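Single-structure report; data block below.
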Amino acid sequence: MVWLCVGYIVGRVDVAWYVRAFCREIYTLPPSHKGWVAGCLVVLIGVYVLLLVPLLAIASREAKSSGHNPAIVPTSFRSEIRRRGSYSMNYINDIKSHVLARS
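See the structure below:
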């Protein structure tokens, strides 16, 4: 299953072959074991959804609240240099990191 997920995400592994092999393995199991495998898959998918749906809601709420924060004003590199009044290399690197951190 890990190879299946990694192959699907990366795109370098033939996912269809692994899905076919997994289905063949499930097909050869007795019916009671098929039920256990199906139940485990349902539980895994349920836990995955129950964990990710609240995290997605929290992340979207945080993104909306941080996007409307009036205290954060976008600044440009030139305006920061003018404000600080120095062109030394340390200041320029400091300003670049400051501007990139805010954008």
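The opening residue of the sequence shown carries number 873 in the working numbering; numbering runs sequentially from there.
Even for Gly, the Cβ is constructed at its ideal location relative to N, Cα and C.
In this text the structure is predicted, and so the values were computed from the model without any measurement.
{"Check": "DSSP three-state call for Ser948: helix, strand or coil?", "Outcome": "coil"}
{"Check": "Determine the direct distance from the alpha carbon of Leu927 to that of Ser937, and round the result to whole angstroms.", "Outcome": "15 Å"}
{"Check": "Would you report the Cα separation of Glu897 and Ser969, rounded to the nearest angstrom?", "Outcome": "54 Å"}
{"Check": "According to the Cβ coordinates, are Leu922 and Val909 closer than 8 Å?", "Outcome": "no"}
{"Check": "To the nearest angstrom, how far is it from the Cα of Ile930 to the Cα of Tyr920?", "Outcome": "16 Å"}
{"Check": "Do you know offhand how far Ser932's Cα is from Val887's?", "Outcome": "31 Å"}
{"Check": "Here's a check: name, in chain order, each residue in its chain whose Cβ is nearer than 8 Å to the Cβ of Ser948, leaving out the five neighbours to either side.", "Outcome": "Val971"}
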